[in-house]
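Counting along the sequence shown from 1, when you hit position 32 you're at 32 in full-length UniProt numbering, and nothing is skipped either side.
Beta carbons are placed, not taken as given, at the ideal position from N, Cα and C, and that holds for glycine.
These notes are about the structure you will find just below.
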Amino acid sequence: MNKKEYFEKILDRTAEELVKELFPNGITTQEKIGIRSF
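This is the structure:
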């Protein structure tokens, strides 16, 4: 795993944890796409 892949993995995990905290009831697919692009 190179540095870019490593940091992307960390960012994905962090974003996922943030989403779970902010939206405890879950979010829609469209919201996921918007958050992912953000």
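Sequence-distant residues of its chain with Cβ nearer than 6 angstroms to residue i (five each side left out)
| i | result |
| --- | --- |
| L22 | none |
Residue i and residue j closer than 8 angstroms at C-beta
| i | j | result |
| --- | --- | --- |
| I10 | V19 | no |
Check: residue i C-beta below 7 angstroms from any heavy atom of the ligand MG
| i | result |
| --- | --- |
| V19 | As presented, the structure is devoid of all ligands, the ligand MG included, so that no description of it is given. |
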